[in-house]
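Novice: Residue numbers (this note's numbering): -7 to 489. Where is the CB? At the ideal position from N, CA and C, for every residue including glycine.
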């Protein structure tokens, strides 16, 4: 076959090629002629194979150029091609002989101008907003004073130094730094991994879980900040259960993470100010509140004291409250001794009456009479059952008599004891017992003298002590030289109560 191909047919000088030869020649010609080239166009369909290779088209208004990015080259792309995005791709033009196609092996993709980036950003923004990632009700409130602050940023830039310096000035807190690339192709996956990593930490573990996350980067062009516009970063921010502050770029820079985050700070320094309060201001506020609390408590005590004094002036005096009960007590005390005496006398009479009816001799006579009557009846009866019944009744009667005698004696003893106790109580309540304690009763003309004014009106006074009566002053008989007859003891005048 090769010989036939090598020998041209007579009359023809055009060489003949095999399919593989011509495909290889075309491939070499393309690669040798164009080499490494840059092509600008709009991204058409995009297909990512299960092997990891990326296939897509670059087109203009008339033609389409097939492009391929192998699996190992995808991670190096700064921008992942998306349908409708205008880009500039860089790579080598080659051919694929199995399908008689040529394509461009792309290893670098750049957005063709800021307008295209803004269009892509607006498209992503509308998509995420339609999913509710920007809704205000899903945003979390920031902790007032977080114990641990997690910072996602580059460890070598000025941003982390500004944040640490501001936190140290306002309120020193523990800071966990997760170093990431803040621009380039590795920015978006590293930032997303950092946010997810902070959320996966265990609270109170060896590496504590932060109470607040700050994602920070300095200013830059839209291409430099493009990593924070990637969908993977926005979705990681929305899924974070830890409150998150975005501080990407300057105040005029806007990225998708700003819309998804719980709070946006215009600068990294402002993010630190949002994270913690000013310690000195907090101390001053605490002292002010303490002073206000003390003043309020003091004022309240003073008002209550004044109110209490006002109410106390409207109350009666304690002495006036006790006057009426004191008089009632005196009246009852005066009536107590006569009442006790009458009660003792009444009880004594009752005891005498009862004892007259329940004397042992009377009971014995009654028993003897009943016994004689029983003997008379028994002599008249000759039936043995009746005798036995009589014997039983006689024994019962004897027992009853014994029980009556015992009960009578017990009752008399109990009543005698009650009488003696009542008499002792009478003696205790009598004013005689008061005289035994050193008191005395002053009388004038058989009248009890209770005041000095009454005593001054009489020449003679009788002072009764526990052991007798002493007469003071001169009697009319003594002034005439005649010895006065001894005067009898004054009659009982009742209780001192």
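(1) Using the Cα positions of residue 360 and residue 405, report the straight-line distance between them to the nearest angstrom.
(2) Out of 126, 156, 134, which one is the CA nearest neighbour of residue 143?
(3) From which residue to which residue does the alpha helix (DSSP H) around residue 423 run?
(4) Reducing DSSP to helix, strand and coil, say where residue 234 ends up.
(5) Between the C-alpha atoms of residue 341 and residue 335, what's the straight-line distance to the nearest angstrom?
(6) Give every residue of the same chain whose Cβ lies closer than 8 Å to the Cβ of residue 389, excluding the five residues on either side of it in the sequence, and list them in chain order.
(7) Which residue spans inside the segment 96 to 127 form an unbroken alpha helix (DSSP H) run of at least 4?
(8) Three or more C-beta pairs closer than 8 Å, one from the segment 41 to 51 and one from the segment 104 to 123: is that the case here?
(9) So is residue 241 buried or exposed if we call it buried at 16+ other beta carbons inside 10 Å?
(10) Smallest Cα separation from residue 103: which of 213, 168, 145?
(11) Is residue 52 near residue 58, with beta carbons less than 7 Å apart?
(12) Provide the residue(s) that pair with residue 140 in DSSP beta bridges, ordered along the chain.
(13) Tell me whether residue 216 sits in a helix, a strand or coil according to DSSP, three-state version.
(14) May I ask you to report which of helix, strand or coil DSSP gives residue 448?
(15) Would residue 231 and residue 252 qualify as a contact pair, given that the criterion is a beta-carbon distance under 7 Å?
(16) Taking just the CA atoms, how far does residue 262 sit from residue 158?
(17) Can you grab the Cα-Cα spacing for the pair residue 160 / residue 76, in whole Å?
(18) Cβ of residue 140 within 7 Å of Cβ of residue 99?
(19) Taking the beta strand (DSSP E) that residue 78 belongs to, which residues open and close that run?
(20) Report the option in 163, 419, 9, 266 whose CA atom is closest to the CA atom of residue 333.
(21) Compute the distance between the beta-carbons of residue 134 and residue 255, then report whether it is under 7 Å.
(22) Helix, strand or coil for residue 229? Go by DSSP, reduced to three states.
(23) If we count the other Cβ atoms within 10 Å of its Cβ and call it buried at 16 or more, is residue 368 buried or exposed?
(24) Assuming residue 167 and residue 182 are in contact, meaning their beta carbons sit under 8 Å apart, how far apart are those beta carbons, in whole angstroms?
(25) What does DSSP give as the partner residue(s) for residue 39 in the beta ladder?
(26) How would you label residue 236, buried or exposed, when you count the other beta carbons within 10 angstroms and need 16 or more for buried?
(27) Taking DSSP as the reference, what is the three-state secondary structure of residue 307?
(28) How big is the Cα-Cα spacing for residue 239 and residue 272?
(29) By DSSP, does residue 93 sit in helix, in strand, or in coil?
(30) For residue 427 versus residue 399, is the C-beta spacing smaller than 7 Å?
(31) Mind checking residue 466: buried by the 16 CB within 10 Å criterion, or exposed?
(32) How many angstroms separate the CA atom of residue 174 from the CA atom of residue 223?
(33) For residue 219, count neighbouring Cβ atoms within 10 angstroms of its own Cβ and tell me buried if that reaches 16, exposed if not.
(34) Under 7 Å, do residue 440 and residue 447 count as touching if we go by C-beta distance?
(35) Thinking C-alpha only, which one of 411, 463, 28, 82 is nearest residue 433?
Specialist: Taking the definition as stated:
(1) Within the chain shown, residue 360 is the residue found at index 368, counting from 1. Within the chain shown, residue 405 is the residue found at index 413, counting from 1. So the alpha carbons of these two residues sit roughly 25 Å apart.
(2) Numbered from its first residue, the chain shown carries residue 143 at position 151. Just measuring C-alpha positions, the residue of 126, 156, 134 sitting nearest residue 143 is 156.
(3) Within the chain shown, the letter at position 431 stands for residue 423. For residue 423, the uninterrupted alpha helix (DSSP H) segment begins and ends at 423 to 428.
(4) As a working note, residue 234 is residue 242 in the chain shown. Note: residue 234 maps to coil in three-state DSSP.
(5) Here residue 341 refers to the residue found at position 349 when the chain shown is read from its first residue. Here residue 335 refers to the residue found at position 343 when the chain shown is read from its first residue. One C-alpha to the other measures close to 10 Å.
(6) Position 397 of the chain shown, counting from 1, holds the residue named residue 389. Listed in chain order, the non-local C-beta contacts of residue 389 below 8 Å within the same chain comprise 359, 362, 363, 366, local neighbours out to five positions each way being set aside.
(7) Counting whole runs of 4 or more residues, the segment 96 to 127 contains the alpha helix (DSSP H) stretches 106 to 122.
(8) Put simply, the segment 41 to 51 does not touch the segment 104 to 123. Fewer than three CB pairs are less than 8 Å apart.
(9) Looking up residue 241 in the chain shown gives position 249. By the neighbour-count rule (16 or more Cβ atoms within 10 Å), residue 241 is buried.
(10) As a first step, residue 103 is located in the chain shown; it is residue number 111 there, counting from the start. Measuring C-alpha to C-alpha distances from residue 103 to each of 213, 168, 145 identifies 213 as the nearest.
(11) Here residue 52 refers to the residue found at position 60 when the chain shown is read from its first residue. Here residue 58 refers to the residue found at position 66 when the chain shown is read from its first residue. Contact flag unset, no.
(12) Taking the first residue of the chain shown as 1, we reach residue 140 at position 148. Per DSSP, the beta bridge partners of residue 140 are 166.
(13) Residue 216 sits at position 224 when you count from the first residue of the chain shown. It is coil, neither helix nor strand.
(14) In the chain shown, residue 448 corresponds to position 456, counting from 1. Reduced to three states, the DSSP call for residue 448 is helix.
(15) By 1-based counting over the chain shown, the position of residue 231 is 239. By 1-based counting over the chain shown, the position of residue 252 is 260. No, these two residues do not count as a Cβ contact at 7 Å.
(16) In the chain shown, the residue the question calls residue 158 occupies position 166. In the chain shown, the residue the question calls residue 262 occupies position 270. Near 9 Å, if we compare the C-alpha coordinates of residue 262 and residue 158.
(17) Your numbering for residue 160 matches position 168 in the chain shown. Your numbering for residue 76 matches position 84 in the chain shown. Using only the alpha carbons, I get a separation of about 47 Å.
(18) Position 148 of the chain shown holds residue 140. Position 107 of the chain shown holds residue 99. No; because the gap between Cβ atoms is not below 7 Å, this pair is not in contact.
(19) Translated into the one-based positions of the chain shown, residue 78 becomes position 86. Taken as a continuous stretch (DSSP letters only), the beta strand (DSSP E) holding residue 78 covers 78 to 88.
(20) Numbered from its first residue, the chain shown carries residue 333 at position 341. With distances taken between Cα atoms, residue 333 lies closest to 419.
(21) Taking the first residue of the chain shown as position 1, residue 134 is located at position 142. Taking the first residue of the chain shown as position 1, residue 255 is located at position 263. In contact: residue 134 and residue 255 (Cβ atoms closer than 7 Å).
(22) Here residue 229 refers to the residue found at position 237 when the chain shown is read from its first residue. In this structure, residue 229 counts as helix in the three-state DSSP scheme.
(23) Along the chain shown, read from residue 1 onward, the residue named residue 368 stands at position 376. It counts as exposed.
(24) Here residue 167 corresponds to residue number 175 of the chain shown, with the count starting at 1. Here residue 182 corresponds to residue number 190 of the chain shown, with the count starting at 1. About 19 Å separates the two Cβ atoms, so there is no contact after all.
(25) Position 47 of the chain shown, counted from the first residue, corresponds to residue 39. Under DSSP, residue 39 shares a beta bridge with 47.
(26) Against the chain shown, residue 236 aligns to sequence position 244. Result: buried.
(27) Position 315 of the chain shown, counting from 1, holds the residue named residue 307. Coil, per DSSP.
(28) Residue mapping note: residue 239 aligns to position 247 of the chain shown, counting from 1. Residue mapping note: residue 272 aligns to position 280 of the chain shown, counting from 1. Going from the Cα of residue 239 to the Cα of residue 272 covers about 25 Å.
(29) Mapped onto the chain shown, residue 93 falls at position 101. In the three-state reduction of the DSSP assignment, residue 93 falls in the strand class, which pools E and B.
(30) Along the chain shown, one-based indexing puts residue 427 at 435. Along the chain shown, one-based indexing puts residue 399 at 407. No, these two residues do not count as a Cβ contact at 7 Å.
(31) Along the chain shown, one-based indexing puts residue 466 at 474. Because residue 466 sits at a pLDDT of 49, beneath the cut-off of 50, its placement in the model cannot be relied upon, and the following sentence gives the value as read from the coordinates. Result: exposed.
(32) Residue mapping note: residue 174 aligns to position 182 of the chain shown, counting from 1. Residue mapping note: residue 223 aligns to position 231 of the chain shown, counting from 1. CA-CA distance, residue 174 to residue 223, rounds to 15 Å.
(33) Within the chain shown, numbered from 1, the residue matching residue 219 stands at position 227. Result: buried.
(34) Numbered from 1 along the chain shown, position 448 holds the residue referred to as residue 440. Numbered from 1 along the chain shown, position 455 holds the residue referred to as residue 447. Residue 440 places its beta carbon 7 Å or farther from that of residue 447.
(35) To locate residue 433, count along the chain shown from 1; it is residue 441. Comparing Cα positions, the closest option is 463.
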